[in-house]
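Report on one structure; see the data block that follows.
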Amino acid sequence: MSEKAQSRDAGVLVIGLGRFGAAIAATLERLGRDVLAVEKDPALVQQWSSRLPVVEADATNPEALEQLGAEDFPVAVVGVGSYLEASVLITGNLVDMEMPQIWAKAISGEHGRILRRIGAHHVVYPEYDAGQRVAHMVSGRMLDYIEMEDGFAIVKMRPPRETQGFTLAESKIRQRYGITIIGVKPPGEPFEYATPDTRIGGDDLLIVSGDSGLLEKFAHRP
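Position 164, counted from 1, in the sequence shown is what full-length UniProt numbering calls 164; the numbers after and before it change by one each time, with no gaps.
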C-alpha cells in the first residue's frame with residue numbers, strides 16, 4: 001500500500017457540495033476526519049475552498065476520479081441526488097473502482113433501487129428520513145427520534161406522568177409497555193444508564209428503545 005493510501009485509511013471522499021454533501025463534509029472535517037470534497041460547480045468550489053479540501057472535477061468522468069486518487073479512499077459519499085443521471089454515473093464509477101464503502105443519496109424509492117442495483121452499499125433518503133423524524137417528534141412528547149431497521153427505534157423523550165417519582169422496578173415499564181429505558185438524564189446532571197433502582201423525575205430526559213409502534217403509544221401516555 002502506498003504512503004498516500006495509508007494516510008487516507010480513515011478518509012472520506014465526498015462528491016457534491018449541495019446542502020447534503022456540504023453538511024457531511026463539514027461535519028467530518030470538524031470531527032478530524034480526512035476529507036476530500038469533489039464538486040464541478042466553480043462557484044461552490046470557491047465557496048467552500050477556505051473551509052474544506054475541495055477539488056473542482058466532474059466525477060461522472062472516471063478518469064477525473066482516478067486523477068484525484070479516489071481509489072485511495074475507503075469510503076465515498078455521493079451527495080449528488082437531484083440529477084439522477086449524474087448520481088448513477090458517479091456511483092457506477094465508484095463501483096467499478098471497487099470502492100469498499102459507497103454511501104449514496106436518493107430522492108425517491110426508484111432512485112434508491114437503481115443505486116442499490118448498480119452496487120451502492122448504503123442508500124440514504126435525507127428528506128424522507130427528516131420528514132419521518134419530525135413527524136414523530138411533533139406528534140407527542142418525543143424530543144428526538146432515530147429509527148433503525150425492522151421498526152426498531154431509539155427516542156429521547158419526557159417521561160409520562162404515571163412514571164414520575166417511581167423507580168423502573170416499581171413502574172414496570174418494560175413489562176407493561178414492551179419498551180426499554182436505556183438511560184435517564186436529570187436536569188444539570190450527567191447521563192446515567194438505567195437500572196431497576198433508577199427513579200424517574202418529572203424534568204428528566206429518557207432515552208428509550210423498542211418497537212416504533214410501542215414507543216409511540218408510550219410517548220402518548222398522559
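The beta carbon of each residue, even a glycine, is placed where N, CA and C say it ideally should be.
Take the alpha-carbon of Gln47 and the one of Gly119: they are about 32 Å apart.
Per the DSSP secondary-structure output, Gly112 pairs with nothing in a beta bridge. For Leu13, the secondary structure class from DSSP, reduced to helix, strand or coil, is strand.
Burial state of Phe191 is exposed, judged by a 10 Å Cβ sphere holding fewer than 16 other Cβ atoms.
Per DSSP, reduced to three states, the secondary structure at Gln101 is strand.
Put simply, of Ile182, Gly201, Ala135, Lys105 the residue whose alpha carbon is nearest the alpha carbon of Glu216 is Ala135. For the pair of segments examined, the stretch 104-122 was found not to touch the stretch 153-161: the number of CB pairs separated by less than 8 Å stays below three.
At the C-beta level, Val12 and Val80 stay beyond 8 Å of one another. Per DSSP, reduced to three states, the secondary structure at Glu162 is helical.
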